[in-house]
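Scroll down for the structure; my scribbles are underneath it.
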Amino acid sequence: MITVFFIGLTLLISATSTGFFILKTLEKEQARELEQLKMQLEAENNERYQQGVKQKLINCNRLLQTMALDFSLIFATIDCSAEMSPDDFYNKCKPLWDKVTEVQLIADFYVPSIKKSIQNLAELLADYWRYLYKALVIEGDRTSLDYLEAEKYYQIILAKIDDIRQKIKEIVC
């Protein structure tokens with residue numbers, strides 16, 4: 006009876022240790038499979054993120070292109086206006102400021118390398134509008150030095166927009 010008990014106990018211990026061995030082996034295989042799956046998901050997420058960033062940059066480039074066109078249009082319409090109130094001036098310039106702000110947000114988050122260029126563009130636009138406002142709204146004179154200075158800034162700003170667009174194209178490609 007004691008012999009049967011010890012034989013049974015030995016079989017039970019051996020079955021238990023074999024079961025633990027099988028469980029450990031299965032756990033290791035599952036851990037390996039989970040690690041591979043995790044790496045695959047990370048690679049897919051990284052690829053999607055990169056595609057998203059690329060799309061944001063393409064959109065930013067389009068935004069800069071429309072900004073250059075809007076800027077030229079604003080300059081032409083402001084130039085043709087006989088008299089301009091402060092509200093008229095603000096209403097013509099506000100949409101362009103909104104685009105500059107949007108481009109700044111995209112640059113801050115996705116492309117820190119062009120952040121300084123965008124800030125420089127915003128400063129140039131502020132200076133441009135300050136000169137233009139002084140010439141058209143305050144003085145009402147298109148022949149003033151402020152107006153001539155605004156015209157210089159106009160050319161500089163268009164060149165700056167093209168420069169930023171080129172930088173974005175280089176990053177995307």
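Reading the sequence shown from the start, the letters are residues 6 to 178 in our numbering. All residues carry an ideal CB built from backbone N, CA and C; glycine is no exception.
Exercise for the section: My understanding is that I111 touches C65, with C-beta atoms under 8 Å, so please give their C-beta distance in whole angstroms. Expected result: Walking along the sequence shown from the start, residue 111 turns up at place 106. Walking along the sequence shown from the start, residue 65 turns up at place 60. Going by Cβ atoms, the distance from I111 to C65 rounds to 5 Å, so yes, they are a contact pair.
Exercise for the section: Write down every uninterrupted run of the beta strand (DSSP E) in the stretch 135-161 whose length is 3 residues or greater and which is fully enclosed by it, in chain order. Expected result: Positions of the beta strand (DSSP E) runs, each at least 3 residues long and wholly inside the stretch 135-161, cannot be given because no such run exists.
Exercise for the section: Alpha carbon to alpha carbon, how far is L62 from T106? Give it in angstroms, no decimals. Expected result: Locating residue 106 in the sequence shown gives position 101, where the first residue counts as 1. Locating residue 62 in the sequence shown gives position 57, where the first residue counts as 1. When only Cα atoms are considered, T106 and L62 end up about 15 Å apart.
Practice task
Report buried or exposed for L150, applying the criterion of at least 16 other Cβ atoms within 10 angstroms of its Cβ.
Solution key: Reading the sequence shown from its first residue, position 145 is the one you call residue 150. Sixteen is the threshold: since fewer than 16 other Cβ atoms of the shown chains lie within 10 Å of the Cβ of L150, the residue is exposed.
Practice task
Would you mind working out which of V142, Y152, I123, L153 sits nearest M72, comparing C-alpha positions?
Solution key: If you number the sequence shown from 1, residue 72 lands on position 67. Nearest C-alpha to M72: I123.
Exercise for the section: Could you tell me the distance, in whole angstroms, from the CA atom of R67 to the CA atom of K157? Expected result: Here residue 67 refers to the residue found at position 62 of the sequence shown. Here residue 157 refers to the residue found at position 152 of the sequence shown. Approximately 24 Å, taken between the alpha carbons.
Problem - Endpoints, alpha helix (DSSP H) assigned at C98 - result: Residue 98 sits at position 93 when you count from the first residue of the sequence shown. Where C98 is concerned, the enclosing alpha helix (DSSP H) stretches over 91-115.
Exercise for the section: Measuring alpha carbon to alpha carbon, tell me which of Y133, P117, S118 ends up nearest C98. Expected result: Translated into positions along the sequence shown, residue 98 becomes position 93. Of the listed residues, the one whose Cα sits closest to C98 is Y133.
Practice task
Identify whether C178 lies in helix, strand or coil by the three-state DSSP scheme.
Solution key: Working through the sequence shown from its first residue, we reach residue 178 at position 173. For C178, the three-state secondary structure derived from DSSP is coil.
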